[in-house]
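Going line by line, the protein sequences match chains A and B. Residue numbers are given in the working numbering: position 95 of the first sequence equals residue 1477, and the series is strictly consecutive. Residue numbers are given in the working numbering: position 145 of the second sequence equals residue 1527, and the series is strictly consecutive. Scroll down for the structure; my scribbles are underneath it.
2 protein chains.
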Amino acid sequence: MPRVIKHPEIRREDILDHAQALFLTQGYDRASLNDVIASAGISKGAFYHYFPSKEALLEALADRFARQALAAVQSVLDDPDLDPLGRLNSLLSQSRQAKIETAAEAWALFETMFRPENLVLFHRINLAAHASFSPLLVKVIRQGVEDGTFRTFDPEGVADIVMQFGLATHDVVAKAIAGGSDADMEVAIEVLEKRVRLYEIALDRILGLPDGSIRIGEPGYIRAVMTARRKADKAR
Amino acid sequence: MPRVIKHPEIRREDILDHAQALFLTQGYDRASLNDVIASAGISKGAFYHYFPSKEALLEALADRFARQALAAVQSVLDDPDLDPLGRLNSLLSQSRQAKIETAAEAWALFETMFRPENLVLFHRINLAAHASFSPLLVKVIRQGVEDGTFRTFDPEGVADIVMQFGLATHDVVAKAIAGGSDADMEVAIEVLEKRVRLYEIALDRILGLPDGSIRIGEPGYIRAVMTARRKADKAR
DNA sequence: GGTATGATAGACCATTGGTCTGTTTCAGCC
DNA sequence: GGCTGAAACAGACCAATGGTCTATCATACC
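Pasting the structure below:
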């Protein structure tokens, strides 16, 4: 094997990229270290020079995911024109960043992320995301409580419940993927939209808001994501 | 090794027992098949005579857990004197079966179940539990909707959210375990009781009930479980 | 130009989940 | 009681895995 030397940061990202592709397509357990280093075109020595273990690679990957997600909502957090409710709604929908054109990509991520063999990876990402998002959510909620928009005795608890919304959709999406047919997809869309409405009124209640205040995503967004995926599927 | 022949069902349960002990103490990944067969005192041939793979063993274990849990609440489901709300509350608290004396055991299960290395096992159990519990919950909720106690447009969604309550406590408990000190425990108790109250009012709302209708567990139950554990810990 | 240090290669290792062949036990039949 | 076939079990064996170790290359710096 020819010896290629890259800048450490580049090489590291390189390994992460290849690992991400393999872990997402085959799952963390089924993708072997040999697969990773073969894909990245490096030797075992090189790999262990950058990561102390396969587990550490997984964690680094989860961290990167969480950081990227955080960066994606940074503008919402920084926007000074948003009141607490608006900020919370924007965070929940994330629709400012996730435009409809990228819906197909969003689905691709969903599809791979929620596959059963990706449980471990998904969980790590969730942990990392929780660790970095929770404090921000708590901050927003606390501000809302102070200025009187929200009313709750447990901001951290509310934040956790908000975070769990992601997990909540897990089962539904997983089943839709397992099924795969158009009919399954249609069912999944309806179930998800109902579920979203349920979460909205639950959040309204535990934040002491009048009904209809919380709006998770724009109406029809889920359908847009799902149908975009269907189109992409049929194209290939 | 002497050749001991047991009744197939006995042998199977035997293997499951030893696997359960090992998986819970060491985690599914870290406990090797050799550990399991050594602990069970059998050969590889014997093991693969009963289970097609290590994965299948995990699934069988999860199934058994789910079946046991189901059996534990069967009386609540069969009780003809309970109205839908009472039945739901009883299911949520499970306090009829889980008396305070068994609190220490409950904790032991919690402690092992929620350890990070048991993610996979926990998830399988959760899936199995979800599969068998959800329909029952939906049935109860549907009855409540019919007789006018509950009011919701999405019984399945409500059932799922109820089921997720178990997962919700996961993080809190996991952190308390990670900490381990009395102070950590005290914090965990308070956080958990707040979280429970939050869930109660959220469920009240999405079931169209007046506040205070849903009661997850008797007041002080969490503290009872936690302190029982503390006593058990200090005893040894 | 020498050299220390980081970056890379690849042989090597113990262990793992899983397979395969062979042996023992025993119920059912004559 | 003896025979037989299938179920129950034992254990050698295997490829692959995550991880270690030593040797080699490249480069920045004096």
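Yeah, the Cβ is synthetic: ideal placement off N, Cα and C, and Gly gets one too.
* Given Ala1565(B) as reference, the closest of Ile1588(B), Arg1533(B), Met1608(B) once Cα atoms are compared -> Taking only the C-alpha atoms, the option nearest Ala1565(B) is Met1608(B).
* Asked: Taking 7 Å as the line, does the beta carbon of Pro1498(A) fall inside it for any heavy atom of the ligand ATP?
  -> Only the bare structure without any ligand can be found here, which leaves the ligand ATP out of the picture.
* **Reference Ile1596(B), options Gly1468(B), Ala1428(B), Tyr1432(B), Ile1419(B), closest by Cα** => Ranking the options by Cα distance to Ile1596(B), first place goes to Gly1468(B).
* Chain-ordered chain A contacts of Phe1535(B) [CB-CB under 9 Å] -> Within chain A, the residues near Phe1535(B) are Lys1576, Arg1579, Leu1580.
* Asked: From this set, Pro1498(A), Val1544(A), Arg1394(A), Leu1470(A), which residue's C-alpha is nearest Leu1406(A)'s C-alpha?
  -> Nearest of Pro1498(A), Val1544(A), Arg1394(A), Leu1470(A) to Leu1406(A), Cα basis: Pro1498(A).
* Establish whether the CB of Ile1588(B) and some CB of chain A are separated by less than 8 Å. => Ile1588(B) counts as touching chain A.
* So, is the C-beta of Ile1604(B) closer than 8 Å to a C-beta in chain A? -> For Ile1604(B), the answer is no, since every Cβ of chain A falls outside 8 Å of its Cβ.
* To do: Please report how far the alpha carbon of Ala1413(B) lies from the alpha carbon of Gln1402(B), in whole angstroms.
  => Straight across, the Cα-Cα distance linking Ala1413(B) with Gln1402(B) is about 10 Å.
* Identify the contact partners of Ile1583(B) in chain A, using a Cβ-Cβ distance below 8 Å as the criterion. => Near Ile1583(B) (Cβ distances below 8 Å), the residues of chain A are Arg1587, Ile1588.
* Supposed contact pair Pro1466(B) and Gly1526(B) - C-beta distance, whole angstroms, cut 8 Å -> Between Pro1466(B) and Gly1526(B) the Cβ distance is about 3 Å, and since that is below 8 Å, they are a contact.
* **chain A contact for Gln1546(B) (CB, 8 Å cutoff)** => Yes, Gln1546(B) counts as interfacial toward chain A.
* Asked: For Thr1534(A), does the three-state DSSP call read helix, strand or coil?
  -> Looking at Thr1534(A) - three-state DSSP - the assignment turns out to be coil, as it is neither helix nor strand.
* Asked: Looking at C-alpha atoms only, which residue of Gly1530(B), Thr1534(B), Val1455(B), Ile1583(B) is the closest neighbour of Ala1511(B)?
  -> Per the Cα distances, Val1455(B).
* Asked: For Arg1506(A), does the count of other Cβ atoms within 10 angstroms reach 16, so buried, or fall short, so exposed?
  -> Arg1506(A) should be labelled buried.
* Asked: Taking DSSP as the reference, what is the three-state secondary structure of Ser1477(B)?
  -> Unreliable placement is indicated for Ser1477(B), whose pLDDT of 47 sits below 50; no coordinate value is reported for it.
* Which residues mark the beginning and the end of the alpha helix (DSSP H) in which Asp1392(B) is found? -> Just to set this straight, residue 1392(B) is Ile in the shown sequence, not Asp. Element bounds for Ile1392(B): 1390-1408.
* Find the residues of chain B that neighbour Val1540(A), judging by a C-beta separation of less than 8 Å, and give them in chain order. => Here the neighbours are Leu1580.
* Asked: Going by beta carbon distance, what residues of the same chain come within less than 7 Å of Glu1441(A), once the five residues before and after it are set aside?
  -> Its chain contains Arg1506 as the residues whose beta carbon lies nearer than 7 Å to that of Glu1441(A), once the 5 sequence neighbours on both sides are disregarded; these appear in chain order.
* Asked: Going by beta carbon distance, what residues of the same chain come within less than 6 Å of Asp1445(A), once the five residues before and after it are set aside?
  -> Closer than 6 Å at Cβ, skipping near neighbours: Ala1510.
* Asked: Whose CA, out of Arg1579(B), Ile1588(B), Leu1591(B), Leu1589(B), lies closest to the CA of Gly1599(B)?
  -> Answer by Cα proximity: Arg1579(B).
* **Own chain, CB closer than 7 Å to Asp1529(B), minus 5 neighbours either side, in chain order** => Close CB contacts of Asp1529(B) within its chain, under the 7 Å cut and outside five residues either way in sequence, are with Pro1466 (chain order).
* To do: Quick one: using the 10 Å Cβ neighbour count with 16 as the cut-off for buried, is Tyr1606(A) buried or exposed?
  => According to the sequence as given, residue 1606(A) is Ala; it is not Tyr. Looking at its Cβ environment, which holds 16 or more other Cβ atoms inside 10 Å, Ala1606(A) is buried.
* Of the choices Ser1472(A), Gly1409(A), Ile1397(A), Val1569(A), whose alpha-carbon is the least far from that of Met1495(A)? -> Looking at the Cα atoms, Gly1409(A) is the closest of the given residues.
* **Top-ranked residue by Cα proximity to Ala1610(A), from Val1522(A), Leu1589(A), Glu1493(A), Asp1463(A)** => For the residues Val1522(A), Leu1589(A), Glu1493(A), Asp1463(A), the minimum Cα distance to Ala1610(A) belongs to Glu1493(A).
* Does the distance from the CB of Leu1574(A) to the CB of Ile1604(A) come in under 8 Å? -> Cβ distance < 8 Å, so Leu1574(A) and Ile1604(A) count as in contact.
* In terms of residue numbering, what span does the alpha helix (DSSP H) encompassing Asn1508(A) cover? -> Segment 1501-1528, the alpha helix (DSSP H) holding Asn1508(A).
* Same chain, Cβ closer than 6 Å to Leu1474(B), five either side skipped, listed in chain order -> Cβ within range, chain order: Ile1598.
* Assuming Leu1518(A) contacts Leu1459(A) under a Cβ cut-off of 8 Å, what Cβ separation, rounded to an integer in Å, is found between them? -> Contact holds; Cβ gap of about 6 Å.
* **Nearest neighbour of Leu1443(A), chosen from Glu1568(A), Ser1563(A), Leu1503(A) [CA to CA]** => Taking the Cα of Leu1443(A) as reference, the smallest distance to any Cα among Glu1568(A), Ser1563(A), Leu1503(A) is reached at Leu1503(A).
* Asked: Ile1543(A) CB to nearest chain B CB: under 8 Å?
  -> By this cut-off, Ile1543(A) is an interface position.
* Are the C-beta of Val1527(A) and some C-beta of chain B separated by less than 8 Å? -> No, Val1527(A) lies away from the interface with chain B (no Cβ there is under 8 Å from its Cβ).
* **Chain-ordered chain B contacts of Leu1501(A) [CB-CB under 9 Å]** => Chain-order list of chain B residues neighbouring Leu1501(A): Leu1501, Val1502, His1505, by C-beta distance under 9 Å.
* Asked: So is Gln1491(A) buried or exposed if we call it buried at 16+ other beta carbons inside 10 Å?
  -> Contrary to the premise, residue 1491(A) reads as Leu rather than Gln in this sequence. By the beta-carbon neighbour count (other beta carbons within 10 angstroms, threshold 16), Leu1491(A) is exposed.
* Asked: Can you name the start and end residues of the alpha helix (DSSP H) that Gly1427(A) belongs to?
  -> Taken as a continuous stretch (DSSP letters only), the alpha helix (DSSP H) holding Gly1427(A) covers 1426-1432.
* To do: Can you tell me which of the three DSSP states Phe1547(A) falls into?
  => Reduced to three states, the DSSP call for Phe1547(A) is helix.
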